[in-house]
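Read through the structure below, which is laid out as structure tokens, and then see the notes.
Chains as they are written, first to last, in the working numbering: chain X, 1 to 248; chain L, 249 to 559.
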């Protein structure tokens, strides 16, 4: 096994009855890579991500995440990854500090360790004044930055980000990507989905899923060259236009 | 005549603690396709809810086709279509039942205005016996649009119809809006996607409850006050980091594979010299060029200007 690869998928498949949500997908993700996972609604992204996060079993095929098997070692996977989505990330009715403590505890960090890291994080984010405020009262941009920080609080090998920047203002969206770059530079692998095609350009490599299959996998530059497109938007449009399926 | 008028509208929540809409005035002409462009929390939904008479403003007046949003609420409700941001049809009714229900509610029938919804409804008709809750995102969006149109409204309010929808479906949706506009319906639509702004005739850029600019997309872009440059290198993050350390640079933001840059002194830059300087700093595959701004460039600049004048 190559130590450089933190996610390995081989012919990974998930079927719900007759419906093949994820259809024999194969790809590798390298350590420290920012890996963009794109696809139209209903292409199978969420299903694939749930398997890789240890939340769902595949029907067939192989996959390891952080060196752990998606069939037999789901709990070890969960300890070694972080997860953040636009829809759910923090408890609005807990304070900033309480959220950090809660997630630190869930990820198995000791109390002294949580306290030490929590102080550092709060001051790094410039939230010292807001530490005792409810997360629900923070502006969306701050919430998203805090949510990302909490998702990597336990130094996971991989962080999964499911549309992390939806609805966020254009400046905050870019500050968020700064945090992604920073995390990747420290060796955390970033697995990210997005509907913003400019963000696809910030990824080292991109997969585009169409109807359960990986239709393309390459660097943004190579994809644009192959599809003779000026932007990732065009690449995506060319690939996803032929999709038969549409679902949430 | 103006189809929609907002005159110094202010709306607060939680006993005045949260300022959602801050003294907003704007006008939308009859038959116009008008966009409210801004991120979550900008105040877009509050404005929609005031105009559709579902929310009372704290201050100011608003009207739709000359009818006051407070006094004439009944007449407004009969004459506008509203598609809220959150899917709000009956999940346990089928596609056909939902449409029939909304037609009946407005005292009309599906057949009476079928011309208006035909192109959209034909796409979901094969699923007319399916419960709305079991539809895909794209189909829900089409059904919601049909239900908002079934009584042939004078003004159509669409709150973030394309949020969370993939790039292909977004394009299709905007094509539907263009067709509706040709039939004379005034459309007010909101979106957090800046690239959709250019598809509107006029736009309001909104942030933190305040309108930053109202104009045609072309004019918003034309009023960008300085020359904009685009720089590219093999490693975007390293490039961003060194551009930020350059004191001559006023702003630099990543836009896809390029970084957009403005200078403190808006003099013509020597591009080959700049390119050499970046190469000397160790950047590979450097490319620099002059570009014209996008709506998103304008939005960022206006946001920064606003922050700088605040105390």
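Note that beta-carbon positions come from the ideal geometry of N, C-alpha and C, so glycine has one too. Keep in mind that this is a model prediction, so the values were computed, not measured.
Chain-order list of residues whose beta-carbon lies under 6 Å from that of residue i (same chain, five-residue window excluded)
i: residue 43 of chain X; result: 209, 210
i: residue 193 of chain X; result: 37, 45, 162, 163
i: residue 40 of chain X; result: 240, 243
i: residue 495 of chain L; result: none
i: residue 256 of chain L; result: 271, 273, 308
i: residue 62 of chain X; result: 10
i: residue 60 of chain X; result: 13
i: residue 354 of chain L; result: 399
i: residue 121 of chain X; result: 149
For residue i, the three-state DSSP class (helix, strand or coil)
i: residue 23 of chain X; result: strand
i: residue 307 of chain L; result: strand
i: residue 178 of chain X; result: helix
i: residue 110 of chain X; result: coil
i: residue 204 of chain L; result: Since the first residue shown for chain L is 249 and the last is 559, residue 204 of chain L is missing from the structure and cannot be characterised.
i: residue 414 of chain L; result: coil
i: residue 532 of chain L; result: coil
i: residue 209 of chain X; result: strand
i: residue 349 of chain L; result: helix
i: residue 47 of chain X; result: helix
i: residue 63 of chain X; result: strand
i: residue 427 of chain L; result: helix
i: residue 368 of chain L; result: helix
i: residue 564 of chain L; result: Absent from the model: residue 564 of chain L. The displayed extent of chain L is 249 to 559, so no value can be given.
i: residue 559 of chain L; result: With a pLDDT of only 44 at residue 559 of chain L, under the threshold of 50, the placement of this residue in the model should not be trusted; the figure read from the coordinates follows. DSSP places residue 559 of chain L in coil when its eight states are reduced to three.
i: residue 260 of chain L; result: strand
i: residue 446 of chain L; result: helix
i: residue 84 of chain X; result: strand
i: residue 228 of chain X; result: coil
i: residue 247 of chain X; result: Any answer about residue 247 of chain X is weak, because its pLDDT of 49 lies below 50 and its placement is not dependable; what the coordinates show is given next. In the structure shown, residue 247 of chain X sits in coil (DSSP, three-state: anything other than H, G, I, E or B).
i: residue 188 of chain X; result: coil
i: residue 197 of chain X; result: helix
i: residue 464 of chain L; result: coil
i: residue 553 of chain L; result: helix
i: residue 255 of chain L; result: strand
i: residue 379 of chain L; result: strand
i: residue 538 of chain L; result: strand
Cut-off 8 Å between Cβ atoms - residues of its own chain near residue i, not counting five sequence neighbours on either side
i: residue 418 of chain L; result: 410, 441, 444
i: residue 476 of chain L; result: 508, 509, 510, 538, 539, 540, 541, 545
i: residue 401 of chain L; result: 327, 328, 329, 433
i: residue 341 of chain L; result: 349, 379, 380
i: residue 561 of chain L; result: With chain L represented from 249 up to 559, any question about residue 561 of chain L goes unanswered, as that position is not in the structure.
i: residue 109 of chain X; result: 117, 153, 154
i: residue 91 of chain X; result: 98, 99, 102, 135
i: residue 292 of chain L; result: 284, 286, 407, 408, 438, 454
Residues near residue i in its chain [Cβ-Cβ closer than 7 Å; skip 5 each side]
i: residue 372 of chain L; result: 343, 387, 390, 391
i: residue 31 of chain X; result: 4, 6, 187, 189
i: residue 289 of chain L; result: none
i: residue 27 of chain X; result: 9, 207, 214, 217
i: residue 235 of chain X; result: 223, 224, 227, 229
i: residue 498 of chain L; result: 510, 511, 512
i: residue 514 of chain L; result: 474, 475
Among the options, the one whose alpha carbon lies nearest that of residue i
i: residue 501 of chain L; options: L:515, L:485, L:514, L:383; result: L:485
i: residue 260 of chain L; options: L:305, L:322, L:362; result: L:305
i: residue 155 of chain X; options: X:24, X:66, X:136; result: X:66
i: residue 124 of chain X; options: X:111, X:142, X:112, X:107; result: X:142
i: residue 549 of chain L; options: L:469, L:422, L:424; result: L:469
i: residue 269 of chain L; options: L:281, L:276, L:303, L:446; result: L:303
i: residue 276 of chain L; options: L:465, L:320, L:450; result: L:450
i: residue 177 of chain X; options: X:115, X:35, X:29; result: X:35
i: residue 93 of chain X; options: X:138, X:29, X:198, X:80; result: X:138
Cβ-heavy atom distance, residue i to the ligand MN, below 8 Å
i: residue 176 of chain X; result: Among the ligands in the structure shown, none appear at all, so the ligand MN cannot be discussed.
Notebook entry, point to check: Going along the chain, which residues of the region 280-304 of chain L sit with their C-beta nearer than 9 Å to a C-beta in chain X?
Noted result: 286, 287, 288, 289, 290
Item checked: Positions along the region 439-471 of chain L whose CB lies within less than 7 Å of some CB in chain X -> 440, 442, 455
Check: Are there three or more Cβ pairs, one per stretch, closer than 8 Å when the region 96-106 of chain X is compared with the region 130-146 of chain X?
Finding: yes
Notebook entry, point to check: Which residues, taken in chain order from the region 475-506 of chain L, show a beta carbon closer than 7 Å to some beta carbon of chain X?
Noted result: 484, 485, 501, 502, 503, 504, 505
Margin query: Within 8 Å, do at least three Cβ pairs link the region 219-239 of chain X to the region 61-79 of chain X?
Written below: no
Note to self: Three or more C-beta pairs under 8 Å: does that hold for the region 139-159 of chain X against the region 86-94 of chain X?
What the structure shows: yes
Notebook entry, point to check: Is the region 259-278 of chain L touching the region 363-371 of chain L, taking contact as three or more C-beta pairs under 8 Å?
Noted result: no
Notebook entry, point to check: Pairing CB atoms from the region 16-24 of chain X with CB atoms from the region 175-191 of chain X, are three or more of them under 8 Å?
Noted result: no
Next item on the list: Specify whether the region 454-470 of chain L and the region 424-431 of chain L touch according to this definition: at least 3 beta carbon pairs, one from each stretch, less than 8 Å apart.
Entry: no
Check: Quick one, which residues of the region 211-241 of chain X are near chain L if we go by CB-CB under 8 Å, in chain order?
Finding: 220, 221, 231, 232, 233, 236, 237, 240, 241
Margin query: By the 8 Å beta-carbon criterion, what residues does the region 1-19 of chain X contribute toward chain L?
Written below: none
Margin query: So if I threshold CB-CB distances at 8 Å, which residues from the region 530-557 of chain L count as touching chain X?
Written below: 544, 547, 548, 551, 552
Checklist line | Members of the region 29-47 of chain X that neighbour chain L once the beta carbon cut-off is set at 7 Å | finding: 40, 41, 42
Checklist line | Near-chain L residues of the region 76-102 of chain X - C-beta to any C-beta below 7 Å | finding: none
Next item on the list: Compile a chain-ordered list of the residues in the region 372-390 of chain L whose CB is closer than 8 Å to at least one CB of chain X.
Entry: 384, 385, 386, 387
Checklist line | Near-chain L residues of the region 157-175 of chain X (beta-carbon distance less than 9 Å), N- to C-terminal order | finding: 163, 166, 167, 168, 169, 170, 171, 172, 173, 174
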